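S.K.: Take this structure, written in structure tokens, and hold onto it; I'll ask about it next.
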Amino acid sequence: MSMTMNGEVQLPAPRAVVWEKLNDPKVLAACIPGCESLEQDSPTEMRAAVKVKVGPVSARFKGRVELQNIVPEVSYRIQGEGEGGIAGFAKGGADVRLEDGDFGSTKLFYDVQATVGGKIAQLGGRLINSVAKKNADDFFQNFTAVITGDKIVG
Amino acid sequence: MSTSGIGQSVRRVEDIRFITGNGNYTDDISRPGQTYAFFVRSPHAHATIKSINTKTAAAAPGVVGILTGKELAADKIGGLICGWMIHSKDGSPMKAGAHPALAVDKVRYVGDHVAVVIAETLNQARDAAELVEVEYDVHAATVDTATAAKPGQPQVHAEAPNNTVYNWHIGEKDATDAAFAKAAHVTKIDLINNRLVPNAMEPRAAIGDYDRGTGTYTLFTTSQNPHVARLVLSAFIGIAPENKLRVIAPDVGGGFGSKIFIYAEETVCIWASKKVRRPVKWVCDRTEAFLCDAHGRDHVTHAEAAIDASGKITGVRVKTTANLGAYLSTFASSVPTYLYAPLLSGQYNIPNIYCEVDGVYTNTAPVDAYRGAGRPEATFVIERLVEVAARELGRDPAEFRMHNFITTFPHQTPVIMAYDTGDYGASMKMALDMADYKGFAARKAASAKAGKLRGVGFSAYIEACGIAPSKAVGSLGAGVGLWESAEVRVNPVGTVEVLTGSHSHGQGHETTFAQLVSHRLGIPIEQVTIVHGDTDKVQMGMGTYGSRSGAVGMSAIQKALEKVIKKATTVAAAVMEVPEDTIDFNDGIFEARGTNKKMAFGEVALQAYVAHKFDSEKIEPGLKEGAFYDPKNFTFPSGVHIAEVEIDPETGITKVEKWTAVDDFGTLINPMIVEGQVHGGIAQGIGQAMLEGTVYDKSGQLVTASFMDYCMPRAHDLPSFNVGMTTTPCTTNPLGIKGCGEAGAIAAPAALINAITNALGHENIAMPATPQAVWQAAKSSPHKIAAE
Amino acid sequence: MYAFDYRRPATLNEADLALKAAPGAKLLAGGQTLIPTLKQRLANPGVVIDLSAIPDLKAITRKGDTLHIGAMATHAEVAGSKDVAAAIPGLATLASHIGDPQVRHKGTIGGSLANNDPAADYPAAALALGATMHTNKRTLSAQDFFQGLFATALDDNEILTEISFPIPKRFAYAKFPNPASLYAMVGVAVAETAGGPRVAVTGAGTDGVFRVPALETALTGGFKADALKSVTIPTTGINGDIHGSPEYRAHLIGVMARRAVAAA
Amino acid sequence: MTAVTMLVNGKSVTADVEPRTLLVQFIRDHQQLTGTHVGCDTSQCGACVVHVDGKAIKSCTTLALSCDGAQVTTIEGVGTETDLHPMQAAFREHHGLQCGFCTPGMIMTSIDIVRRKGTNLDEATIRAELEGNICRCTGYHNIVKAVAAGAQAMGATTKQAAE
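Residue numbers (our numbering), protein chains in the order written: chain S, 47 to 200; chain D, 17 to 804; chain W, -2 to 261; chain F, 142 to 304.
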């Protein structure tokens, strides 16, 4: 099953700061919902373990996260795929683009695509859109919190 | 007249065990020392297997063995086969890729079999299966039927370029085109015949059991045709020679076609039982059934009818793309070809028909016969076409049909079939009466007042049952003959065992077959036992599918019964010391004309076995006869179904208000059972038309893989059915039986969609007509709603 | 199912201790969601704590203007309760249409609310009626209790024990069931309460049960179905799946809301 | 392993089971009562319906351990081939079954419907009450007839017993 969604958030920090945070594995780990570990293999490649919990369902996904199409301080694509064992697999990515906003702020635009397969696709059809949306929302909410300083990453 | 003979609604013999919980289904059987199999399946629709690592899994508690395609190949176990060769228009044979029971290099649909884990308990097998590491290189998938053959699509099998298995055709193209050139009116429609999941309530299951002492394999399995399973497992897959392979299909909880086929799981279980030196049991869970049981239908069709100025249909032109799935299942190739296009003449006198069918591979579950198999698809095409034509021409759909009905028999259609008999007008008239068609306008007006849309729809279907004769089907590409066998064993005290090659999985053979015996031999039904489903007991037979057990299976029994009576007559004549030709046999009594000598059937049986009173040099002792019956022709059940619906345009909910079915099945053995078959078929047809949708997403994930998303018809979705019968006995078999198992499923979808489109006032809706689809469609309905 | 340890406490206190002793343990109420999930191996809780042997969680009583329902009361018990029928008949009707008869014999109101499935029926009723959730630690308003898709304010170590419903002037629930699963594709609960009309929707939101201020406002002038005719529900935040697009669901919210008001 | 004791069809039985054992597994595998079937894995088909403490439940969605101390009735405890329960007899009389796989669950559910709704059941009630049981063979037409007739017969039997 695949789904797409997009949105934008306004961040009270200049582009350079936002870009730096977008490339900081510690920040990403803090923002990815359910992220249990994120280990860097190279400046653009990471290994991740993420626990996804949807009501009574909980599944642990292990996989890779990669930063692609990098145009510094302008845009990149964050791409990930994970295997959740018996639950199936998930693949997805977000194209993220930054624009200068007013008063030294930054507008962040995102286009998310996600695909799931295996048991979660076979049984979870009614929930997949909602869950994907919630995870994307949570990620950018967390990220906003990092930028505003409401969430401390250290 | 006996109360248990032909034509009586005898209560079923088999019911006693089912209603008391004493049925014996495959999962109810346990073998000493049995182990449990769980399959590692592909989560991807299309991928290359880079590696399979079973080390950790093999060390898990309770694991007895883990087997993959490599071991299967090393043991020279052959792939699964498709038993019907179809040739393309250009004469080339169909292009089929290999179908190993366990994937070797590639997986081609979600659920494809990668490895089997065998353990002491099912939980242990499942636990260990999670430890099998499979590395995939995932490819894009081909999923969509209509575009699968377009250049540039991902290729499912290298052997079938552009995913095309065959481009088949039937009929006279030039003559048909000429009819269209001269037509006064042409009706054109585009249809999708939605993919269905059979969902017999008993999931498939298998137990493989290898006896090291005798070198014999026994397979208990959920099969509609255990002998065919043995033949394929033996001669093609190469498990063991037939004499070392016993297949038992005990009580089977519904089939609907899905249990005809020889699948990977039973193949693996029986092979593995020798590898692990223990019986191996596998029981499918429902999600696995959704993924891996052969699905049904899945056609995309453009159809046209040419109509002359008088309203006669002069030609039909059809172009269909049929999705065959990722591999060719056992009879997959025949379903959208010879079981489909030859039915496109329906009940109508149509001089010119031409049909082209492209069979395509996709990365989806294999598609094969499902209740009706090709005939529901054909009926949907012709009955939608005729209905739309009548509407376009402003004619009453019932009258327009009758105007085009075949009225003289035998009738040769332009697409193979020679209809032996029928009276289509009689069924239509009876159905119109039963449905109170005259009162429809008033009911429609009342609905409109309440803000509802009411519609009525017809389906005048024909089907071809009891595929035959064997020589003819052989010439069309069938890999087997389609006769049936029977053996009638009379015991010394006159009780009778009938061993039949047919297989009952809900049809009630233990009752209907016994009724025939009771009727012919004049003995109580309690003295008759029907034996089926065990290759060690029953002679080679072909099984049950295609509504063949009455027309073909019972004809074989009838033939064997005649031989028994002949032999018994000889014995009776010798015992009574009268000439054979003076003996009459009626109601179980052999009576010598012109004398007071008579013997009951049981006495003759005893005499045949004790052999005291005749010369055994001239008359063999014993009373047991066998027969193989090969039909002369198909049979052609037909009928008219009328659906009446009411739509709530606000929610899109369609309520089936009335259902009228008038069927002509020829001779009825047990009307109660026949009506039951009709009910079940209608329910499945209604399911197809408005409830059941199989959805694969673009990447080939099955997103309707449970009853949570695949809507099975429930009691509250359906009305009671009003069923009537007309009778024109079949002229080509001894009992006059036509077959009744699939009629409802064949007739119903077109009737219901015709009713819904009649209510909507336009043709723009596809199956399944779900509430959402109907709500959408109702928005563009030209009918004004009073309440709005 | 994965293997797990099983506890069946006899008192609420024992259940509390068992929960504290086993972080990540799952509470088993009626099990009609949890057990299918476990069977699919989509959860591996290690410990399952079965609440079915605790006697005092099932009571249904009316105290003045409030109806109290124990968390372990089954749907069948709520549907069949004379107290419920007298106080909030629409709630009994709602309970009588959850799942199927066998599910209603096992499934519980507490289990349903604590799970907060976005297509469950009870959350809409609790939100529309302004129910109060009682746990072994505190009380919470329905508004605070539901926190989006499958999320509630319950802590990991907290047990929902009772739900109290202020008895409204009128209440009804209209459900459009998913034809396959029988879950609500759209379910609308409407209540005329002391604090004004309340409308809550289940089955349709991407983030679970929600109230519809536009419908509530439309009803302030009079609790009549006709009052809702002019309200159009936007598709923002409305879920779509193979059974129903956001447009269809949004439309059905209007239809079901009118039918509920008419039935109330 | 945990010990569990219940009264199955009137007989007290005890077994050591893994906590993850479902009631249906306990019935089929431990008690060898194979009349109760499994037809799905999402609690919808109703082939597994049994009575626990007199109420119809889905034994595939119930832990065996949760039934410790309970009274369980399966299809085998309802009637026998020589002494059929009126509902069993009605299913046969009205051809309410074909392959027989869903039948035990249907009968257990139907008896429960009568317990809750009485012996005079109209078609709409029966169809609504059967929503937790799926049959693929019969189209429900004859099941509905069987349940109505079985209910009537149960009423007659109870009356007789009372007289």
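Positions of the beta carbon are idealized from the N, C-alpha and C atoms, including for glycine.
Since this is a predicted model, take the numbers as computed values, not measurements.
1) Looking at the secondary structure, which residues open and close the beta strand (DSSP E) in which D:CYS371 lies?
2) Can you tell me where the alpha helix (DSSP H) with F:MET247 in it begins and where it stops?
3) For the beta strand (DSSP E) that contains D:GLU503, what are its first and last residues?
4) Beta-carbon of D:ASP267 versus every beta-carbon of chain W: anything under 7 Å?
5) Got a sec, what are the start and stop residues for the alpha helix (DSSP H) D:ASP713 sits in?
6) Check this for me: beta carbons of D:ASN775 and D:ARG470, under 7 Å apart or not?
7) For the putative contact between D:ALA322 and D:PHE196, defined by C-beta atoms under 8 Å, what is the C-beta separation to the nearest angstrom?
8) Is it true that the region 247 to 255 of chain F meets the region 285 to 303 of chain F, where meeting means three or more beta-carbon pairs spaced less than 8 Å apart?
9) Within a Cβ cutoff of 7 Å, which residues of the same chain sit near D:ILE546, ignoring the five residues on either side of it in sequence?
10) Quick one: which unbroken alpha helix (DSSP H) runs of 4-plus residues sit fully inside the region 563 to 627 of chain D? Chain order, please.
11) Taking a Cβ distance cut-off of 7 Å, strictly less, list which residues of the region 37 to 56 of chain W are near chain S, in chain order.
12) Here's the rule I'm using: 16 or more other beta-carbon atoms within 10 Å means buried, otherwise exposed. How should D:HIS628 be labelled?
13) Helix, strand or coil for D:THR232 per DSSP?
14) Would D:MET724 pass as an interface residue toward chain W - the criterion being a Cβ-Cβ separation below 7 Å?
15) Whole angstroms is fine: what's the gap from W:SER49's alpha carbon to D:ALA721's?
16) Tell me the DSSP secondary structure of D:ASP725 in three-state form.
17) Measure the Cβ-Cβ separation of S:VAL100 and S:PHE107 and say whether it is below 7 Å.
18) Could you check whether the Cβ of F:ILE198 sits closer than 7 Å to any Cβ belonging to chain W?
19) To the nearest angstrom, report how far apart D:ALA476 and D:PRO413 are at their CA atoms.
20) Who pairs with S:VAL100 in a beta bridge, going by DSSP?
21) Assuming S:VAL199 contacts S:VAL73 under a Cβ cut-off of 8 Å, what Cβ separation, rounded to an integer in Å, is found between them?
22) Less than 7 Å between CB atoms is the rule here; does W:ILE32 satisfy it with respect to chain F?
23) Quick one: is F:PHE242 near chain C, going by C-beta distance under 7 Å?
24) Among D:LYS111, D:PRO219, D:GLY224 and D:LYS204, which one has its Cα closest to the Cα of D:ASN179?
25) Does DSSP put W:ASP97 in a helix, a strand or coil?
26) D:GLU526 versus chain F: which residues are under 8 Å apart at the beta carbon?
27) If you measure beta-carbon to beta-carbon, which residues of the region 92 to 121 of chain D are closer than 7 Å to chain S?
28) With C-beta atoms as the reference, is D:ILE432 less than 7 Å away from D:ALA567?
29) Which whole-angstrom value describes the C-beta separation of S:ALA167 and S:TYR156, a residue pair presumed to lie in contact below a C-beta threshold of 8 Å?
30) Pull out every residue of the region 118 to 134 of chain S whose Cβ sits closer than 9 Å to any Cβ of chain D, in chain order.
31) Among F:LYS152, F:GLN212, F:THR260 and F:CYS243, which has the Cα closest to the Cα of D:PHE34?
32) Would D:MET592 be called buried (16 or more neighbouring beta carbons within 10 Å of its own) or exposed?
33) Would the region 155 to 174 of chain D count as touching the region 109 to 125 of chain D if we require 3 or more Cβ pairs under 8 Å?
34) Starting from F:MET147, trace the beta strand (DSSP E) both ways and give me its first and last residue.
35) Name the DSSP bridge partner or partners of D:LEU261?
36) For W:VAL81, which three-state DSSP category applies?
M.R.: Straight from the coordinates:
1) Annotation: the continuous beta strand (DSSP E) that includes D:CYS371 extends over 368 to 377.
2) From DSSP, the alpha helix (DSSP H) with F:MET247 extends over 244 to 258.
3) Annotation for D:GLU503: the continuous beta strand (DSSP E) segment containing it runs 500 to 506.
4) Taking Cβ atoms only, chain W never reaches closer than 7 Å to D:ASP267, which makes this a no.
5) Per DSSP, D:ASP713 belongs to no alpha helix (DSSP H) and is neither H nor E.
6) Correcting the residue identity first, residue 775 of chain D is Ala in this sequence and not Asn. Yes, the pair counts as a contact, with Cβ atoms nearer than the cut-off.
7) About 4 Å separates the beta carbon of D:ALA322 from that of D:PHE196, a gap short enough to meet the 8 Å contact definition.
8) The answer is yes - the region 285 to 303 of chain F touches the region 247 to 255 of chain F, with three or more Cβ pairs under 8 Å.
9) Excluding positions up to five away in sequence, the list reads VAL514, THR516, HIS525, GLU526, PHE529 and ALA530.
10) Taking only runs of at least 4 residues, the alpha helix (DSSP H) segments lying wholly in the region 563 to 627 of chain D are 570 to 592 and 617 to 626.
11) Cβ contacts with chain S come from GLN37, ARG38, LEU39 and ALA40.
12) Label assigned to D:HIS628: exposed.
13) Per DSSP, reduced to three states, the secondary structure at D:THR232 is strand.
14) So, interface residue.
15) Our two residues, W:SER49 and D:ALA721, have alpha carbons roughly 32 Å apart in a direct line.
16) Coil.
17) No, Cβ-Cβ distance for S:VAL100 and S:PHE107 is not below 7 Å.
18) Yes, its Cβ sits closer than 7 Å to a Cβ of chain W.
19) Using only the alpha carbons, I get a separation of about 11 Å.
20) DSSP, once it has assigned bridges, lists S:VAL103 as partnering S:VAL100.
21) Indeed, because the Cβ distance is near 5 Å, the residues count as touching under 8 Å.
22) At least one C-beta of chain F is nearer than 7 Å to the C-beta of W:ILE32.
23) Although the question refers to chain C, the structure presented lacks it and instead comprises the protein chains S, D, W and F.
24) Sorting D:LYS111, D:PRO219, D:GLY224 and D:LYS204 by C-alpha distance to the C-alpha of D:ASN179 places D:LYS111 at the top.
25) Coil, per DSSP.
26) Neighbours of D:GLU526 on chain F: none; closest Cβ ~11 Å, over 8 Å.
27) Close to chain S, meaning a Cβ-Cβ distance shorter than 7 Å, is no residue of the region 92 to 121 of chain D at all.
28) No, the pair does not count as a contact, with Cβ atoms beyond the cut-off.
29) That pair is no contact at about 23 Å.
30) Identification of residues in the region 118 to 134 of chain S having a C-beta nearer than 9 Å to some C-beta of chain D yields GLU129, GLY131, ILE132 and GLY134, given in sequence order.
31) Nearest of F:LYS152, F:GLN212, F:THR260 and F:CYS243 to D:PHE34, Cα basis: F:CYS243.
32) Per the 10 Å Cβ criterion, buried.
33) The region 155 to 174 of chain D is in contact with the region 109 to 125 of chain D.
34) First-last of the beta strand (DSSP E) with F:MET147: 143 to 149.
35) Bridge partners of D:LEU261: D:TYR233.
36) Three-state DSSP puts W:VAL81 in a helix.
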